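Chemist: This is the structure I have questions about; it appears just below.
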Amino acid sequence: MTFLKRILTTAAAACFVCLLFNSSADAHDFLKDPLKERYGLKSVSCSACHPGSNKAINNAFGLKFKTAFKGKDYTKRIHAAKDLKKKDKDAGTKALEEIGTEMVAHFNEVIVEVEKESMSIKDLATAGLLVGTKLEKDVVAEMGKAQGVEE
């Protein structure tokens, strides 16, 4: 059971990569390598944290990080740093590196607590976290509605 729990936690961790933000590529840029290294993953996709194409909707795993990161404004800060980079490459690059360092450190703190939790197979399936499964669009829409996001 420990092995299954580890695999399921790994799948859930991969969810985080895309989970936090409306723009999944931003989180993915900074968190894919820590996830891959932590769990020995070959790749990490947005579906680890998002059940569908709307990255504002998170699955159960993604919600844990969204909650933990609340108030940090990572997405806004990343976009501001990217805008700065267009005007001043060095300053923008430095700002992005600082945000990335902070996000990875925060992620490493949060993941320890997330790993202490367990999810049943049912929880994993209904969150869309099982490899090779995808949720029906109406299920994703209901998840979004519950989170205040329209599909």
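For the sequence shown, the positions run -27 to -1, 1 to 124 when mature numbering (1 follows the signal peptide of the UniProt record, and there is no 0) is used.
For glycine and all other residues, C-beta sits at the position ideal for the given N, C-alpha and C.
The model shown is predicted, which means the values in this text are computed figures rather than measured ones.
1) If you reduce the DSSP assignment to three classes, tell me which class M92 lands in.
2) How many angstroms separate the CA atom of D46 from the CA atom of G105?
3) For the alpha helix (DSSP H) that F34 lies in, which residues bound it at each end?
4) Under the three-state reduction of DSSP, which class applies to L8: helix, strand or coil?
5) Tell me whether T66 sits in a helix, a strand or coil according to DSSP, three-state version.
6) Does DSSP put V122 in a helix, a strand or coil?
7) Based on Cα-Cα distance, which residue from S20, A33 and A98 lies nearest to V87?
8) Assuming contact is defined by CB atoms lying nearer than 8 Å, are I72 and A54 in contact in what I supplied?
9) Give me the Cβ distance between L4 and F80, rounded to the nearest whole Å; I'm assuming they're in contact under 8 Å.
10) Three-state secondary structure (DSSP) at N27?
11) Leaving out five residues on either side along the sequence, give the residues of the same chain with a beta carbon under 8 Å from the beta carbon of K58.
12) Just verifying my parser: in three-state terms, what is the DSSP assignment at D61?
Modeler: Let me spell this out:
1) Locating residue 92 in the sequence shown gives position 119, counting from the first residue. Judged by DSSP in its simplified three-state form, M92 adopts coil rather than helix or strand.
2) Within the sequence shown, numbered from 1, the residue matching residue 46 stands at position 73. Within the sequence shown, numbered from 1, the residue matching residue 105 stands at position 132. Approximately 32 Å, taken between the alpha carbons.
3) Counting from one through the sequence shown, the residue named residue 34 turns up at place 61. Unbroken alpha helix (DSSP H) run through F34: A33 to A41.
4) Within the sequence shown, the letter at position 35 stands for residue 8. L8: helix per DSSP, three-state reduction.
5) Walking along the sequence shown from the start, residue 66 turns up at place 93. Under the three-state reduction of DSSP, T66 is assigned to helix.
6) Your numbering for residue 122 matches position 149 in the sequence shown. Look at V122 here: in three-state DSSP terms it is coil, with no helix or strand label.
7) Working through the sequence shown from its first residue, we reach residue 87 at position 114. Nearest of S20, A33 and A98 to V87, Cα basis: A33.
8) For this step, residue 72 is matched to residue 99 along the sequence shown. For this step, residue 54 is matched to residue 81 along the sequence shown. Yes, they are a contact pair.
9) The residue given as residue 4 occupies position 31 in the sequence shown. The residue given as residue 80 occupies position 107 in the sequence shown. Right, the Cβ-Cβ distance comes to about 6 Å (below 8 Å), so this counts as a contact.
10) Numbered from its first residue, the sequence shown carries residue 27 at position 54. In the structure shown, the three-state DSSP call for N27 is coil.
11) As a working mapping, residue 58 is identified with position 85 in the sequence shown. Closer than 8 Å at the Cβ level, and outside the excluded window around K58, lie A64, G65, T66, A68 and L69.
12) Here residue 61 is taken as the residue at index 88 of the sequence shown, counted from 1. In the structure shown, D61 sits in coil (DSSP, three-state: anything other than H, G, I, E or B).
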